[in-house]
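Q: Take this structure, written in C-alpha cells, and hold onto it; I'll ask about it next.
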Amino acid sequence: MTEVSFTQMKDGTQADYQMLEQLETDHIQGLPDRVMTALAALSNGLAGYKIDRLQHSLQTATRAQADGASIDWIVAALVHDIGDDLAPLSHSEFAAALLKPFVSEEIVWVIEKHGLFQAYYYAHHIGGDRHARDKYKGHPHYERCAHFCEVWDQASFDPAYPTRPLEYFEPMVREVFSRSMR
Ligand SMILES: [Fe+2]
Ligand SMILES: [Fe+2]
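Numbering-wise, the sequence shown is residues 3 to 184 according to the working numbering.
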C-alpha cells in the first residue's frame with residue numbers, strides 16, 4: 003500500500019491512516035535537513051544591511067554561544083529570522099511555531115516577541131512607538147527577551163565580527179529538531 007484509498011478524508015480506513023501516520027513520522031525525521039536548507043536560503047533574502055540574513059543569523063547564534071547560552075538558545079538564535087522570506091509580516095511567530103515542539107516555553111516566548119522588542123532600536127525613526135514592548139513589563143520573560151535583542155540580535159549586523167559558519171551549528175540543529183515529541 004503506497005497510497006490511500008480515499009478522495010475525501012471522511013472515507014479513510016484504519017489502514018489508510020496507519021500508513022499516513024508512518025509517512026508523517028518519516029517526514030518529521032527530515033525536519034533538520036529542511037531547517038538547514040531554509041537557513042542556507044537566507045543568504046538570498048532581505049537586502050540593504052551590511053551582511054545578509056544568513057550571516058546575521060549565524061552571528062546572532064555565535065554571540066549567543068559566546069554569552070554562555072545553552073544549545074537550545076543557540077539554535078533559537080540561529081533560526082529566529084528563518085521566517086523572513088515566507089512570513090515577512092509575522093516572522094517572529096513563524097520561528098516560534100517552528101521551535102515550539104522542541105524547546106522551553108521561555109524560549110518560544112522570547113522568539114515570538116523578539117520582533118516587537120527589537121523595534122525598540124528603530125521604531126522611533128520611522129514613526130513608530132519604540133516603547134511598544136513596555137506592555138510586557140513585569141512578564142517573567144521580559145528581561146530575557148530584552149537581553150536577546152540587546153546582546154545577540156540587534157548587535158549582529160557587523161561584517162567584522164568573527165562569525166561561525168553554518169556547518170558549525172549543524173550538529174546542534176540536528177539535536178534540537180530530532181527530539182521525539184510524540
Ligand atoms: Fe527578527
Ligand atoms: Fe534578527
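Built from N, CA and C at the ideal position, the CB exists for glycine as well.
If you're wondering where the values come from, they're calculated on a predicted model, not measured in any experiment.
If distances are taken between C-alpha atoms only, which option among 117, 174, 32 comes closest to residue 83?
A: Sequence index remark: in the sequence shown, residue 83 carries index 81 (1-based). Checked all of 117, 174, 32; the closest Cα to residue 83 is 117.
Q: What residue range does the alpha helix (DSSP H) around residue 151 cover?
A: Within the sequence shown, numbered from 1, the residue matching residue 151 stands at position 149. Premise fails: residue 151 is in no alpha helix (DSSP H) and is neither H nor E.
Q: For the alpha helix (DSSP H) that residue 19 lies in, which residues bound it at each end?
A: Residue 19 sits at position 17 when you count from the first residue of the sequence shown. Note, residue 19: alpha helix (DSSP H), 16-31.
Q: Could you tell me the distance, in whole angstroms, from the CA atom of residue 131 to the CA atom of residue 77?
A: On the sequence shown, position 129 is the one that residue 131 refers to. On the sequence shown, position 75 is the one that residue 77 refers to. Their Cα atoms are separated by approximately 30 Å.
Q: Taking the beta carbon of residue 24 as the centre, do at least 16 other beta carbons fall within 10 Å, making it buried, or is it exposed?
A: Reading the sequence shown from its first residue, position 22 is the one you call residue 24. Residue 24 is exposed by the Cβ-count criterion.
Q: Which residue's Cα is closest to the Cα of residue 46: 128, 85, 32?
A: Counted from its first residue, the sequence shown places residue 46 at position 44. Here the closest residue by C-alpha is 85.
Q: Going straight from the alpha carbon of residue 5 to that of residue 33, what length do you get?
A: For the purposes of this step, residue 5 is taken as the residue at position 3 of the sequence shown. For the purposes of this step, residue 33 is taken as the residue at position 31 of the sequence shown. Roughly 22 Å between the two C-alpha positions.
Q: In three-state terms, what does DSSP make of residue 130?
A: Within the sequence shown, numbered from 1, the residue matching residue 130 stands at position 128. Here residue 130 sits in coil by DSSP.
Q: At a cut-off of 6 Å, is residue 87 close to ligand 2 when judged by its beta-carbon and the heavy atoms of the ligand?
A: As a working mapping, residue 87 is identified with position 85 in the sequence shown. No, Cβ of residue 87 sits at least 6 Å from all heavy atoms of ligand 2.
Q: With the cut-off set at 7 Å, would you say residue 98 and residue 110 are in Cβ contact?
A: One-based indexing of the sequence shown puts residue 98 at position 96. One-based indexing of the sequence shown puts residue 110 at position 108. Yes, these two residues count as a Cβ contact at 7 Å.
Q: Given 6 Å as the limit, tell me if residue 131 has its C-beta closer than that to any heavy atom belonging to ligand 2.
A: Numbered from 1 along the sequence shown, position 129 holds the residue referred to as residue 131. No; taking the cut-off as 6 Å, the Cβ of residue 131 has no heavy atom of ligand 2 nearer than that.
Q: Check this for me: beta carbons of residue 174 and residue 73, under 7 Å apart or not?
A: For the purposes of this step, residue 174 is taken as residue 172 along the sequence shown, with counting starting at 1. For the purposes of this step, residue 73 is taken as residue 71 along the sequence shown, with counting starting at 1. Yes, these two residues count as a Cβ contact at 7 Å.
Q: Let me know the secondary structure DSSP gives residue 8 once reduced to three states.
A: In the sequence shown, the residue the question calls residue 8 occupies position 6. Coil.
Q: Is residue 104 buried or exposed, if buried means 16 or more other CB atoms sit within 10 Å of its CB?
A: Counted from its first residue, the sequence shown places residue 104 at position 102. Flag for residue 104 reads buried.
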